[in-house]
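Participant:
Residue numbers (full-length UniProt numbering): 1 to 121.
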């Protein structure tokens, strides 16, 4: 069986969220509709931004899940990415720290969805 995993992130404004994620990821969308925009992240993995699923989605509502961006490289690359995101004005929820799986930090998109950056296994 061939399968792919699509991570869906609920947002208020799909085009605005796509600009945010496109800038962070350095890629453009692979599919664009008025309320649903997807990014091809590589073989078998997509990130989709879906609007109009919740009325008044607020960044103040706590989230219990995260999109994890697993990056190549070591702690230096992660710290450099942290500095880059911070200079871009990305809301940082947790500064870089060492965890059992490696160095990591946590950010949020404009809708309050959590984005963890961690080393690729």
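Yeah, the Cβ is synthetic: ideal placement off N, Cα and C, and Gly gets one too.
Applying the 10 Å Cβ sphere with the 16-neighbour rule, what's the burial state of residue 6?
Facilitator: Answer is exposed; the Cβ neighbour count stays below 16.
Participant: Run through DSSP, which three-state label would residue 20 get?
Facilitator: Three-state result, residue 20: helix.
Participant: Compare the beta carbon distance of residue 39 and residue 10 with 7 Å and say whether it is the shorter of the two.
Facilitator: It is not a contact, given that the beta carbons lie outside the stated cut-off.
Participant: Thinking residue 48 and residue 13 are a contact (beta carbons under 8 Å), I'd like their distance in whole angstroms, please.
Facilitator: Contact flag wrong, Cβ pair sits at about 14 Å.
Participant: One question on the structure: do residue 91 and residue 108 come within less than 7 Å of each other, judged by their Cβ atoms?
Facilitator: Going by C-beta atoms, residue 91 is nearer than 7 Å to residue 108.
Participant: What residues in its chain sit with their C-beta under 7 Å from that of residue 71, if we drop five residues either side in the sequence?
Facilitator: Once the five neighbours on either side are set aside, the close Cβ partners of residue 71 are 77, 78, 81, 117, 119 and 120.
Participant: Starting from residue 79, follow the alpha helix (DSSP H) in both directions and report where the run begins and ends.
Facilitator: Segment 75-87, the alpha helix (DSSP H) holding residue 79.
Participant: Go ahead and pull the three-state DSSP assignment for residue 15.
Facilitator: Helix at residue 15.
Participant: DSSP three-state call for residue 69: helix, strand or coil?
Facilitator: In the structure shown, residue 69 sits in a strand (DSSP, three-state: E or B).
Participant: Just to confirm before moving on: does the CB-CB distance between residue 115 and residue 61 stay below 7 Å?
Facilitator: No, these two residues do not count as a Cβ contact at 7 Å.
Participant: Nearest to residue 63 by alpha carbon, out of 42, 111 and 102?
Facilitator: The candidate whose alpha carbon is nearest that of residue 63 is 111.
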